[in-house]
Amino acid sequence: EGAHTIALSIPESAWTVGGRDPEMEQRRKEVNTFLEHEYSAVEAAGKCTYMAMDSAVPWSKGSADWEQDGLHMTRQGYEHFAAALAPQIQSLLLQQQANIAC
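Using this note's numbering, read the sequence shown as starting at 7 and increasing by one per residue.
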């Protein structure tokens, strides 16, 4: 039967939306689009879910959510990310429990 898989989009960073590497931003968008389309195609089977988290903690220069390297989130940033992700996972788990009960 297998486990349910959750694919998360690649978040923003100084390297993408911050302008440090425009080519990397294009790749990030392409990968996120690919994940969204691929997972949407098989999501109906109930085996996987795509969650768009790329703008859950938007990157901005000087934000307390991002480390100085512009790539990694701070503890606060990860807490914001988790706060945005948790309700989506909770909803998914409740749906799965309802399906099992049927």
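The beta-carbon is built from N, C-alpha and C at its ideal position, and this holds for glycine as well.
Three or more beta-carbon pairs separated by less than 8 Å link the region 30-43 to the region 14-21, which places the two stretches in contact. In the DSSP assignment, methionine 30 falls within the alpha helix (DSSP H) that extends over 28-49.
Leucine 77 sits in coil when the DSSP states are folded into three classes, being neither helix nor strand. Between the alpha carbons of methionine 57 and serine 97 lies a distance of about 12 Å.
When C-alpha distances from threonine 80 are compared across Gln94, Ala92, Ile95, Val63, the shortest belongs to Val63. In the DSSP assignment, leucine 14 is bridged to Met57. Here the C-alpha atom of aspartate 75 lies approximately 20 Å from the C-alpha atom of glutamine 32.
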